Each structure stands twice: as C-alpha cells, then as structure tokens.
Amino acid sequence: MDLRQLTPDLAVSAQILPEDLPALAEAGFRVLINNRPDEEVGSDMDHAAMSAAAEAAGLAYVFNPFTPGQITPEMISTQAEALALNGPKLAYCRSGNRSTVLWALARAGQEPVADLLQTAARAGYDLSGVRPLIESLAASEG
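In terms of this note's numbering, the sequence shown opens at residue 28 and continues consecutively.
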C-alpha cells in the first residue's frame, strides 16, 4: 500500500484490498472512504466486498464513487461529511488522485486555494487542472 498523508487525520491511497483492512485498523485508521466506482473493479473489490471487509475490521465505511469528469455537489458534500467523521481516515481510488481532488473540493473556502494545491503536490498529486473549480467553490463559500 502506498499511503500518502494529506492531513494529520487523512491519508489517500491507490486501490486497497479487503485483506488490507485489518492492518489499516490496527494502524489506527477508523474510517474508510471508497471513491472508486464499482465498474472499475471486480466483485472481489467492489462496494459490497469493501463494505463487508471494513465492517469486519471495525472501520466506518463511506462509498462515494467518483467517475472522472463527473463531479457533483452531492459528491463534494458526501466527501465533506466523511472527512468530518471522528478518527483517522483513509480515502482511496485507482491512484489516490480522485480522493485528493474530492478532499480539496470539500475544503474549498475553508483553506486558501494555494495551500490546498501545495498539500496535494507534497503528496504527489497535481491539482492544477481543477484549480478553477476549487477557486469557484471557495468564492461561493465566501
């Protein structure tokens, strides 16, 4: 697993496996956020399989699938709600990028845009392509 820490209580990752969840729970994670649509994975890693594995490992589980180019206000608010849950969180998708995008969009207006982009870049994610959307959301929050 390639966990990349965005904030003290949020890491992002590429696809994880159901068998990874006990170790993640043992490492202190309390919430698993699945941003990968079922259409991208087999039944061994789909929403149902990951939800069952999360429950077995004692993790809260949030399914918020993000298909590239299809961001909705509901997805952003679902991600914000998941990020507000208590305890360390791990959000994952194919590479961690979509989870990072949703984190930045959920934080728009609460942190300076430049800080969000810099945090993402330190974790290895270039969000410059969604900067206009982050700025627009930040402006509407202000």
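Idealized CB from N, CA, C, for every residue including glycine.
Since the structure is predicted, the reported quantities are computational estimates derived from the model, not experimental observations.
query	result
By the three-class DSSP mapping on this structure, what secondary structure does S163 have?	helix
Distance, Cα to Cα, N62 vs S104?	13 Å
For F93 versus S126, is the C-beta spacing smaller than 9 Å?	yes
Given this structure, state the Cα-to-Cα distance separating S78 from Y88, to the nearest angstrom.	6 Å
Going by beta-carbon coordinates alone, are W130 and A148 separated by less than 9 Å?	no
With a threshold of 16 other CB atoms inside 10 Å of the CB of G69, please say whether the residue is buried or exposed.	exposed
CB K116 to CB A109, shorter than 9 Å?	yes
If we ignore side chains and look at the alpha-carbon of each, how far apart do R31 and G55 end up?	15 Å
Looking at L59 and L48, is the spacing between their C-beta atoms short of 9 Å?	yes
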